[in-house]
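Visitor: This note's numbering applies: residue 862 is where the sequence shown begins, and numbers increase by one.
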Amino acid sequence: MLPAGHAAQPPAAQPPAAQPPAAPTRNDITKTYAGRTAKYWGVEAPGVLTRLPAAAAGVALTIDFCGGPSGNSVDLALLTLLRQQHLPATLFLNSRWIAANQALAKELAGEPLFELANHGTSHAPLSVSGKGAYGIAGTKSPGEVFDEIMTNDARLSELTGQRAGFFRPGTAHLDEVSAEIVRALGLVPVGFSINGDGGATFPAATVTQEISRARAGDIVIVHGNHPSGGTTPGLVRALAALRDRGEKLVPLPHT
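1) Could you tell me the alpha carbon to alpha carbon distance between Glu972 and Ala1040, rounded to whole angstroms?
2) I think Leu954 touches Phe975, with their Cβ atoms under 8 Å apart; what is that distance to the nearest whole Å?
3) DSSP three-state label for Asp1079, please.
4) Does the beta-carbon distance from Ala1077 to Gly919 come in below 8 Å?
5) I want to check one thing, is the minimum distance from the CB of Ile924 to the heavy atoms of the ligand GTP below 7 Å?
6) For Ala1045, which three-state DSSP category applies?
7) Use the C-beta contact count for Arg1016: other C-beta atoms within 10 angstroms, 16 or more gives buried, fewer gives exposed.
8) Which of the three DSSP states is assigned to Thr1000 in this structure?
9) Could you give the C-beta distance for Gly928 and Arg957, rounded to a whole number, given that I count them as a contact under 8 Å?
10) Would a C-beta distance cut-off of 8 Å place Gly1031 and Ile1082 closer than the cut-off?
11) Quick one: what's got a C-beta closer than 6 Å to Val1006's C-beta in the same chain, skipping five residues either side?
12) Check whether the region 1056-1064 touches the region 889-901, taking contact to mean three or more Cβ pairs, one atom from each stretch, closer than 8 Å.
13) Contact between the region 1044-1054 and the region 909-918 is defined here as three or more beta-carbon pairs at a separation below 8 Å; is this criterion met?
14) Going by CA-CA distance only, name the one from Thr1116, His1115, Leu1110 that's closest to His947.
15) Quick check for students: name the residue ranges of the beta strand (DSSP E) that lie wholly in the region 893-973, counting only runs of 3 or more.
16) Can you tell me where the alpha helix (DSSP H) holding Glu1071 begins and where it ends?
17) Can the beta-carbon of Ala978 be found closer than 8 Å to that of Leu952?
18) Span of the alpha helix (DSSP H) holding Leu1100?
Rendered as structure tokens:
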């Protein structure tokens, strides 16, 4: 009880919570990176996360859903495998795949085992000068890099209620200027250290062989949109080999 004559004081006003800085606009990116010449082209550009931090306690499994005329399918057996074994994975969804699989994409967004990440809008390699890979044309300017990232960023934000934290370009190829742009937009560009299924072209035995090599710190890439390939049968045996060796799957780190 307060002493006589002392009125209760209202609680002190709390300062408003700090808001994260807004991502640069297309115009910002165009002005900042205009005229920049890239020297590197490939899947391990400076600034790209290709391995987990040194203290990582396991292996990260990342799964690309590329979309497009021959890439909108779903490897349901792969998703079932991960759910049954309670294994985490980062799912890189392309905008075209989301459009073709809206109900499933929404379901995956609510699955605690999975984190949804950005696999671009048209599945283009990220270049500021038009370089491509595997016959797929790349973006041609910083503005096009922005569009390839941020159009799908908006779609994923609508789907999950928050921005994705990771980005992988189509074919995983990018130059170092594009990698800088990805980070400037608040995302981590992600590559891989083990190519688990060769773009869903490896037979099951090769998938098993490649993924079984994984050790703590590795980032494995496979594909979840080619159900008739060797990815899931090969992964089943590889996971058993990793488990027997004491390796475990861990999410990609947010740093």
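Even glycine gets a Cβ: it sits at the ideal position worked out from N, Cα and C.
Values in this document were obtained by computation on a predicted structure and should not be read as measured data.
Guide: Let's see:
1) 29 Å
2) No, Leu954 and Phe975 are not in contact; Cβ-Cβ is about 10 Å, not under 8 Å.
3) strand
4) yes
5) Ligands are entirely absent from the displayed structure, and the ligand GTP is therefore not among its contents.
6) helix
7) buried
8) coil
9) 3 Å
10) no
11) Leu987, Thr1000, Ser1039, Ile1042
12) no
13) yes
14) Leu1110
15) 921-926, 950-954
16) 1065-1072
17) yes
18) 1092-1105
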